[in-house]
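Student: Okay, handing you the structure first.
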Amino acid sequence: MGSNIDLRKFQDTEAIENAFGALVSGKKTGYKTVIERKKPKPKCNKCGRFGDEEQKFCRECGGKMVIPMTNCPSCKASIEEIDKFCPGCGFKLKE
Ligand SMILES: [Zn+2]
Ligand SMILES: [Zn+2]
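Per my numbering, the sequence shown starts with residue 180, numbered consecutively.
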C-alpha cells in the first residue's frame with residue numbers, strides 16, 4: 180500500500196516587526212566628567228592672611244597676595260606650602 184503522507188507545512192508568515200527602531204541611534208550615553216579643581220587661595224606674603232580668589236593685595240597690610248604652589252613646577256609632584264625643595268625631584272621651590 181502506497182502511503183501518501185501529505186505533509187502540510189504551515190509556514191506562518193508573521194509580519195516581522197522592527198522592534199529595533201531608530202530610538203537607539205539618537206540615544207547618547209555620554210558621561211561628562213568635569214573635574215573641578217579648587218584653586219588654592221592666595222595668601223599674603225607679608226602677614227600670611229588668606230584672601231579671596233581674585234584678591235591681589237592684602238586688606239590688612241597691603242602685602243601682595245601670592246597663590247601658594249601645590250605642585251612642583253618641574254615634576255608636578257604635590258608639595259606642601261612649607262617645602263623648600265620638591266620631595267620628588269629636588270626642585271628649589273623657594274628662594
Ligand atoms: Zn597682609
Ligand atoms: Zn619636583
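Note that the Cβ used here is the ideal one computed from N, Cα and C, for glycine as well.
Do you know offhand how far Cys237's Cα is from Gly267's?
Tutor: Cα to Cα, the separation comes out at about 32 Å.
Student: Specify the secondary structure class of Cys226 as computed by DSSP and reduced to three states.
Tutor: Here Cys226 sits in coil by DSSP.
Student: Where does Lys243 fall in DSSP's three states?
Tutor: strand
Student: Consult DSSP for Asn250 and reduce its assignment to one of helix, strand or coil.
Tutor: strand
Student: Could you tell me if Ile258 is buried or exposed, where buried requires 16 or more neighbouring beta carbons within 10 angstroms of its beta carbon?
Tutor: buried
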